[in-house]
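Which chain is which? The protein sequence lines are A and R, in order. Going from the first sequence to this note's numbering is simple: count from 1 and add 1439. Going from the second sequence to this note's numbering is simple: count from 1 and add 1439. We put the CB at the ideal spot given by N, CA and C, even for glycine. Quick caveat: nothing in here was measured; it's all calculated off a predicted structure.
There are 2 protein chains.
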Amino acid sequence: MKEKKTLILVTNDDGIEAHGIRILIDIARLYGEVIVVAPDSPQSAKSHSITQNIPISFREIKLENQYREYSCSGTPVDCVKLAVHEILERKPDLILSGINHGLNTSISVLYSGTMGAAIEGSLNSIRSIGFSAENYLPDADFSYTVPYIKKIIEDVMQNGLPEGVSLNVNIPENPKGMVLCRSAHGKWKEKFIDAKNPHGRKVFWISGKFIDLEPDSEDTDIFLINKGYASIVPTKANFNDIDSLKELKFRKLYQ
Amino acid sequence: MKEKKTLILVTNDDGIEAHGIRILIDIARLYGEVIVVAPDSPQSAKSHSITQNIPISFREIKLENQYREYSCSGTPVDCVKLAVHEILERKPDLILSGINHGLNTSISVLYSGTMGAAIEGSLNSIRSIGFSAENYLPDADFSYTVPYIKKIIEDVMQNGLPEGVSLNVNIPENPKGMVLCRSAHGKWKEKFIDAKNPHGRKVFWISGKFIDLEPDSEDTDIFLINKGYASIVPTKANFNDIDSLKELKFRKLYQ
């Protein structure tokens, strides 16, 4: 069977014991040889961070035919780097990250460790997909996501993705279908919840509320999810703002 | 004096005791009231990560007229969020991040905590600038950077920045001048250096080599820095890849 030769790396940011990655592993195993390299503890909101000041390590959890599992002390991006450059004998054909417990729409892609891992994969020219589902519960029933995830994996295995592009897939509960779209322009409005630690010191838990900055646009992930669809956003990290470059050049302040 | 009312937040990713932030603080104090909220330990390569699973805290280090200093247990982005939403009485007029010990050109902007803080500022519509200098030594002589940093701060205070845009400033040693440009398309080729920890366990230190993927382009930060100029890149985080959206729509695989 041709598919059995496909090498699939699975990771996430909720940690190797999260429910979401278990579902994703089960799906991945339908399509090829699966290697899991995932954080040994929750790594939510780790963005694209890597571990530089301390060493990282990994540990073999399972070793079966066509299936291996490793937990790693680093971030999701560390997991991808360590897997690709150290653990795997060859470059994987596919990287699957998730299923994240909670959506990563709009600006959340910037903070998301799930998408950090997928973007890192795409920087290495590996077809990469991040999956997030609208349920934060540790024992969330993600079974409704399975047919959608399978359809996307099959499409990407067959047709590929543009160079350097990953998919950011967000699945609300029991979606009506799925739609390719762009991510909404939005921001988080922070609120810190203060508490006292056992030593009497004031500490702060980060919390916040998402603000959709273009609620009238009908082509965004936020709009479509609110309408009950799963969103698929082609994602590429780009930090150059070419319009501003032109605008600032007019100032002639710099040589 | 009008300038004295300007409120400037200074942060970094090398930690509050780093040499680079001390230089930046001294410069900032020439232009207004300065509040420093910086990580209490080195936070290099923390990207846009925030601390979600544990609480963060901050501690007052100095309290002087027109000058306060706080160390924070979180990441650079945590520092900006905590400063803006919890510590400061009003929104700062300017955020300065750095001076980072080491350049943050090309794709390094994605991993950089220095630029994570600046980008977070710009998401809050605050004029934000990240400074990085080409010297990794803890006691680097950054005095050559001072006139360049002053010129950029004065320009931004006077003329502002486009909405949502921060500046990524990289200064090689003794530059010939500074140039507005875009960041180069590049990538890091990882290499892990393995070692044994004192308990005999194999651990890995991340290392790597930068690869410029467009060495012939003459309008990139990498090219200009190699020619001896400081680079100023207008920076905005954009993860939507609109070209791919059009390409993938043709597949008609999704509704």
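Along the beta strand (DSSP E) that carries residue i, what are the first and last residues, could you check?
i, result
"residue 1498 of chain R", "1497-1503"
"residue 1559 of chain A", "No beta strand (DSSP E) holds residue 1559 of chain A; the alpha helix (DSSP H) holding it covers 1552-1562."
"residue 1610 of chain R", "1605-1610"
"residue 1459 of chain R", "That residue, residue 1459 of chain R, is in no beta strand (DSSP E); its alpha helix (DSSP H) goes 1458-1467."
"residue 1509 of chain A", "1506-1511"
"residue 1636 of chain A", "Counting along the chain, residue 1636 of chain A falls outside any beta strand (DSSP E), and DSSP gives it neither H nor E."
"residue 1651 of chain R", "1641-1651"
"residue 1477 of chain R", "1472-1478"
"residue 1619 of chain R", "1617-1619"
Quick one: measure Cβ to Cβ for residue i and residue j, integer angstroms, because I've assumed they're closer than 8 Å.
i, j, result
"residue 1591 of chain R", "residue 1604 of chain R", "About 14 Å; that fails the 8 Å criterion."
"residue 1556 of chain A", "residue 1536 of chain A", "4 Å"
"residue 1554 of chain A", "residue 1569 of chain A", "5 Å"
"residue 1614 of chain R", "residue 1667 of chain R", "6 Å"
"residue 1455 of chain A", "residue 1473 of chain A", "With 8 Å as the limit, residue 1455 of chain A and residue 1473 of chain A do not qualify as a contact, their Cβ atoms being about 13 Å apart."
"residue 1477 of chain R", "residue 1451 of chain R", "5 Å"
"residue 1622 of chain A", "residue 1545 of chain A", "5 Å"
"residue 1678 of chain R", "residue 1674 of chain A", "5 Å"
"residue 1633 of chain A", "residue 1626 of chain A", "22 Å between Cβ atoms; not a contact."
"residue 1629 of chain R", "residue 1645 of chain R", "7 Å"
"residue 1574 of chain A", "residue 1612 of chain A", "7 Å"
"residue 1539 of chain A", "residue 1453 of chain A", "6 Å"
"residue 1598 of chain R", "residue 1690 of chain A", "6 Å"
Based on DSSP bridge pairs, tell me the residues matched to residue i.
i, result
"residue 1674 of chain R", "A/1679, R/1605"
"residue 1567 of chain R", "R/1534"
"residue 1450 of chain A", "A/1536"
"residue 1632 of chain R", "R/1644"
"residue 1541 of chain R", "Partner(s): none; residue 1541 of chain R has no beta bridge."
"residue 1572 of chain R", "R/1540, R/1610"
"residue 1626 of chain R", "R/1650"
"residue 1669 of chain R", "R/1617"
Thinking C-beta only, is residue j closer than 8 Å to residue i?
i, j, result
"residue 1527 of chain R", "residue 1495 of chain R", "no"
"residue 1619 of chain R", "residue 1589 of chain A", "no"
"residue 1493 of chain R", "residue 1517 of chain R", "no"
"residue 1631 of chain R", "residue 1649 of chain R", "no"
"residue 1661 of chain R", "residue 1617 of chain R", "no"
"residue 1466 of chain R", "residue 1531 of chain R", "no"
"residue 1560 of chain A", "residue 1519 of chain A", "yes"
"residue 1577 of chain A", "residue 1458 of chain A", "yes"
"residue 1468 of chain A", "residue 1506 of chain A", "yes"
"residue 1624 of chain A", "residue 1652 of chain A", "yes"
"residue 1549 of chain A", "residue 1676 of chain R", "yes"
"residue 1552 of chain A", "residue 1482 of chain A", "yes"
"residue 1445 of chain R", "residue 1533 of chain R", "yes"
May I ask whether a heavy atom of the ligand GDP can be found less than 7 Å away from the beta carbon of residue i?
i, result
"residue 1490 of chain A", "Within the structure as shown, the ligand GDP is missing, as the structure has no ligands at all."
Taking the alpha helix (DSSP H) that residue i falls in, what are its first and last residues?
i, result
"residue 1586 of chain A", "1585-1598"
"residue 1516 of chain R", "1515-1521"
"residue 1663 of chain A", "1660-1665"
Could you confirm whether any beta carbon from chain C is found closer than 8 Å to the beta carbon of residue i?
i, result
"residue 1550 of chain R", "Of the chains in the structure shown, none is chain C; the protein chains are A and R."
request  = Could you tell me whether the region 1574-1593 of chain R touches the region 1457-1475 of chain R, using the rule of 3 or more Cβ pairs below 8 Å?
outcome  = Flag = yes, the region 1574-1593 of chain R and the region 1457-1475 of chain R touch.
inquiry  = Between the region 1501-1515 of chain R and the region 1560-1567 of chain A, can you find at least three pairs of beta-carbon atoms closer than 8 Å?
reply    = The region 1560-1567 of chain A makes no contact with the region 1501-1515 of chain R, as fewer than three CB pairs between them are under 8 Å.
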